[in-house]
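Student: Under my numbering, think of the first position of the sequence shown as 22, with each following residue one higher.
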Amino acid sequence: MVEPTETESRETMDHFIGAMKLIAEEARTNPQILKTAPHNTPVRRIDEVAAVKNPILKWTPDLKKELGEDYATKPVACAPDTEGK
Numbered sequence: 022m023v024e025p026t027e028t029e030s031r032e033t034m035d036h037f038i039g040a041m042k043l044i045a046e047e048a049r050t051n052p053q054i055l056k057t058a059p060h061n062t063p064v065r066r067i068d069e070v071a072a073v074k075n076p077i078l079k080w081t082p083d084l085k086k087e088l089g090e091d092y093a094t095k096p097v098a099c100a101p102d103t104e105g106k
């Protein structure tokens, strides 16, 4: 069930209704197309079982992308020494 917010415009709601009608028509005429969806994303289906068994809980920046090829020679800002050493 979908419940729109009060701030949605009539135009947005009409567009949403049109999309739902198109999906319903595709389900009647070609159900396989919906079973294999999504079609235009980098990852088709997320393997939720593998994600639960092997979670990746940290993010590391791509320094080569941010700082360029010579990233190892550029200084990187670090936290100040709080222990007074």
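Beta carbons are placed, not taken as given, at the ideal position from N, Cα and C, and that holds for glycine.
Measuring straight from C-alpha to C-alpha, what distance separates D68 and N75?
Tutor: Each residue's Cα considered, the two are about 11 Å apart.
Student: For E47, collect the residues of the same chain with a Cβ closer than 8 Å to its Cβ; drop the 5 residues on either side in sequence, then sort them by chain order.
Tutor: Around E47: I54, L55.
Student: Pick helix, strand or coil for T62, following the three-state DSSP scheme.
Tutor: In this structure, T62 counts as coil in the three-state DSSP scheme.
Student: If you compare alpha carbons, which of T28, P59, I77, R31 is closest to I44?
Tutor: Taking only the C-alpha atoms, the option nearest I44 is P59.
Student: How many Å lie between L78 and T57 at the Cα?
Tutor: Their backbone Cα atoms lie some 29 Å apart in a straight line.
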